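Heads up: the sequence shown runs through residues -10 to 88, numbered per the working numbering. For reference, the structure discussed in these notes is given below.
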Amino acid sequence: MKYYEKYKDALEKYGYTVDAEGSVRDGMGNQAASEDRFGNVYCTDPNLLNILDEATIENVPPKRARNEKGHLMADDPSTPENEAWEGGVAPKKKKAKKS
(Lines of atoms letter the chains of each structure in order from A and count residues from 1; the text may use other names and numbers.)
(Lines give C-alpha, C1' and ligand atoms only; values in the text may rest on other atoms or scores of the structure.)
Protein backbone atom coordinates (compact mmCIF):
# COMPACT_ATOMS: atom_id res chain seq x y z
CA MET A 1 0.00 0.00 0.00
CA LYS A 2 1.30 3.42 -0.94
CA TYR A 3 1.58 6.12 1.74
CA TYR A 4 -1.05 8.52 0.38
CA GLU A 5 -3.65 5.80 -0.29
CA LYS A 6 -4.62 5.72 3.38
CA TYR A 7 -5.51 9.44 3.15
CA LYS A 8 -7.37 9.09 -0.16
CA ASP A 9 -10.84 9.97 1.21
CA ALA A 10 -9.59 13.10 3.00
CA LEU A 11 -7.62 14.21 -0.07
CA GLU A 12 -10.51 13.67 -2.47
CA LYS A 13 -12.73 15.77 -0.21
CA TYR A 14 -10.46 18.74 -1.01
CA GLY A 15 -10.20 18.03 -4.76
CA TYR A 16 -6.96 16.04 -4.85
CA THR A 17 -6.59 12.66 -6.57
CA VAL A 18 -4.31 9.74 -5.68
CA ASP A 19 -3.09 7.54 -8.52
CA ALA A 20 -1.78 3.96 -8.52
CA GLU A 21 1.88 5.05 -8.45
CA GLY A 22 1.36 6.91 -5.15
CA SER A 23 1.28 10.41 -6.62
CA VAL A 24 -1.16 13.07 -5.46
CA ARG A 25 -2.45 15.60 -7.98
CA ASP A 26 -4.41 18.78 -7.37
CA GLY A 27 -7.61 19.75 -9.20
CA MET A 28 -5.62 21.18 -12.14
CA GLY A 29 -3.54 18.01 -12.57
CA ASN A 30 -0.34 19.35 -11.05
CA GLN A 31 1.67 16.95 -8.94
CA ALA A 32 1.37 17.96 -5.28
CA ALA A 33 3.06 14.96 -3.67
CA SER A 34 4.57 11.62 -4.61
CA GLU A 35 6.28 8.49 -3.37
CA ASP A 36 9.32 7.01 -5.08
CA ARG A 37 9.99 3.30 -5.57
CA PHE A 38 11.99 3.17 -2.34
CA GLY A 39 9.09 4.47 -0.21
CA ASN A 40 10.41 8.01 0.24
CA VAL A 41 7.57 10.55 0.38
CA TYR A 42 7.81 14.04 -1.15
CA CYS A 43 5.34 16.91 -0.83
CA THR A 44 5.45 20.30 -2.57
CA ASP A 45 2.00 21.60 -1.57
CA PRO A 46 1.76 23.14 1.96
CA ASN A 47 -2.04 22.79 1.92
CA LEU A 48 -1.62 19.06 1.51
CA LEU A 49 0.35 18.84 4.76
CA ASN A 50 -2.50 20.53 6.64
CA ILE A 51 -5.01 18.07 5.18
CA LEU A 52 -2.84 15.11 6.17
CA ASP A 53 -2.42 16.43 9.73
CA GLU A 54 -6.17 16.91 10.06
CA ALA A 55 -6.89 13.42 8.69
CA THR A 56 -4.33 11.88 11.06
CA ILE A 57 -5.91 13.51 14.10
CA GLU A 58 -9.37 12.27 13.10
CA ASN A 59 -8.18 8.68 12.67
CA VAL A 60 -6.47 8.27 16.04
CA PRO A 61 -8.60 5.96 18.18
CA PRO A 62 -8.94 6.76 21.90
CA LYS A 63 -6.47 4.89 24.06
CA ARG A 64 -6.57 4.13 27.77
CA ALA A 65 -3.90 5.82 29.87
CA ARG A 66 -1.49 3.65 31.82
CA ASN A 67 0.93 4.32 34.67
CA GLU A 68 4.65 3.40 34.81
CA LYS A 69 3.84 -0.20 35.74
CA GLY A 70 1.44 -0.60 32.83
CA HIS A 71 -1.72 -0.58 34.95
CA LEU A 72 -4.80 1.27 33.73
CA MET A 73 -5.30 4.67 35.33
CA ALA A 74 -8.63 5.82 36.76
CA ASP A 75 -10.20 9.23 36.24
CA ASP A 76 -9.99 11.74 39.08
CA PRO A 77 -13.50 13.29 39.32
CA SER A 78 -12.14 16.39 41.11
CA THR A 79 -10.29 17.55 37.96
CA PRO A 80 -11.96 18.89 34.77
CA GLU A 81 -10.01 16.66 32.37
CA ASN A 82 -10.29 12.90 32.02
CA GLU A 83 -7.02 11.25 33.10
CA ALA A 84 -8.24 7.74 32.23
CA TRP A 85 -7.84 8.38 28.49
CA GLU A 86 -4.80 9.69 26.59
CA GLY A 87 -5.61 13.13 25.25
CA GLY A 88 -8.34 13.53 27.87
CA VAL A 89 -11.13 12.36 25.56
CA ALA A 90 -13.11 9.19 26.19
CA PRO A 91 -14.71 7.35 23.25
CA LYS A 92 -18.40 7.87 22.64
CA LYS A 93 -20.57 5.19 24.19
CA LYS A 94 -22.45 2.94 21.81
CA LYS A 95 -26.21 2.85 22.14
CA ALA A 96 -27.72 -0.46 23.13
CA LYS A 97 -30.02 -2.08 20.60
CA LYS A 98 -33.61 -2.43 21.67
CA SER A 99 -35.15 -5.85 21.17
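Virtual Cβ for every residue (Gly too), placed ideally from N, Cα, C. Keep in mind the model is a prediction, meaning the values are calculated, not measured.
Enumerate in chain order the residues of its own chain whose CB-to-CB distance from residue i is below 8 angstroms, with the five nearest sequence positions on each side excluded.
| i | result |
| --- | --- |
| residue 53 | 61, 62, 73, 74, 75 |
| residue 33 | 20, 21, 22 |
| residue 16 | 4, 5 |
| residue 1 | 7 |
Counting C-beta neighbours from all protein chains within 10 Å, is the total for residue i 16 or more, i.e. buried, or is it exposed?
| i | result |
| --- | --- |
| residue 67 | exposed |
| residue 22 | buried |
| residue 37 | buried |
| residue -7 | buried |
| residue 31 | exposed |
Our contact map puts residue i next to residue j with C-beta atoms below 8 angstroms; I'd like the distance itself, whole angstroms only.
| i | j | result |
| --- | --- | --- |
| residue 56 | residue 64 | Not quite, the Cβ-Cβ distance comes to about 13 angstroms (not below 8 angstroms), so this is no contact. |
| residue 51 | residue 79 | 6 angstroms |
Between which two residues does the alpha helix (DSSP H) holding residue i run?
| i | result |
| --- | --- |
| residue 1 | -3 to 2 |
Anyone know if the C-beta pair for residue i and residue j falls short of 8 angstroms?
| i | j | result |
| --- | --- | --- |
| residue 4 | residue 24 | no |
Under DSSP, the beta strand (DSSP E) around residue i begins and ends at which residues?
| i | result |
| --- | --- |
| residue 12 | Here residue 12 belongs to no beta strand (DSSP E), and DSSP marks it neither H nor E. |
| residue 23 | 20 to 24 |
| residue 31 | 30 to 32 |
Please return the same chain residues whose Cβ sits closer than 7 angstroms to the Cβ of residue i, not counting the five positions on each side in sequence.
| i | result |
| --- | --- |
| residue -4 | 41, 44 |
Just to confirm my understanding: we take residue i, look at its own chain, exclude 5 residues before and 5 after, and list those with CB closer than 6 angstroms. What are they?
| i | result |
| --- | --- |
| residue 69 | none |
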